[in-house]
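Below is one structure, written out as structure tokens; the observations come after it.
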Amino acid sequence: MEMYDGDSVVINVRWADGSPDSWEPEEVMHLDSAQMLLNFWRRQGGRHKATGLREHRVLRVLKSKESRTDKDSRLYQCQWIGLPASDDYTTWLSLDEVTDIALGQWLEFVTGLDDIFG
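Residue numbers for the sequence shown, in the working numbering: 1005 to 1122.
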């Protein structure tokens, strides 16, 4: 495992089919094989312990709902890279918060398109 960009992780993957080992971005692994990635972090004692990272990045926006306190605004449930999609590990963010830290993921959610930024 190595770090890049200060808050991103790449993991050296040994493929079961005998393909050459390769370095894969954590985000891609999470989208393609979530259980494998989550099991990897569990074996490492957790993502935070293994990486020392205090901040997480949004993997995807899962759903939205009307705000209880402001009926004119919505909240967006965000899943974080390296963490499960269960309610215990996701966070509800305001539109301003989610577009500030995860504009691409929010656009993918509202448009229904994947990989907007390439």
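Cβ atoms here follow ideal geometry from the backbone N, Cα and C, with glycine treated the same way.
Quick one: Cα of residue i to Cα of residue j, how far?
i: L1066; j: G1108; result: 13 Å
i: G1116; j: E1031; result: 19 Å
i: H1034; j: G1086; result: 7 Å
i: L1111; j: V1102; result: 10 Å
i: F1113; j: W1096; result: 14 Å
Measuring CA to CA, which of the options is closest to residue i?
i: L1042; options: D1104, I1105, V1114, I1015; result: I1015
i: Q1020; options: M1040, D1076, V1062, R1078; result: Checking the sequence, you will find Ala at residue 1020 rather than Gln. Considering only alpha carbons, the answer is M1040.
i: V1013; options: E1059, E1070, S1023, Y1080; result: E1059
i: E1006; options: R1046, D1036, A1054; result: A1054
Under DSSP, the beta strand (DSSP E) around residue i begins and ends at which residues?
i: K1067; result: 1062 to 1070
Would you list the one or two residues that DSSP bridges to residue i?
i: L1079; result: K1069, S1098
Is it buried or exposed, residue i, if we count other Cβ atoms within 10 angstroms and call 16 or more buried?
i: T1094; result: buried
Which residue marks the beginning of the alpha helix (DSSP H) containing residue i, and which one marks its end?
i: E1028; result: Counting along the chain, E1028 falls outside any alpha helix (DSSP H), though it belongs to the beta strand (DSSP E) covering 1026 to 1029.
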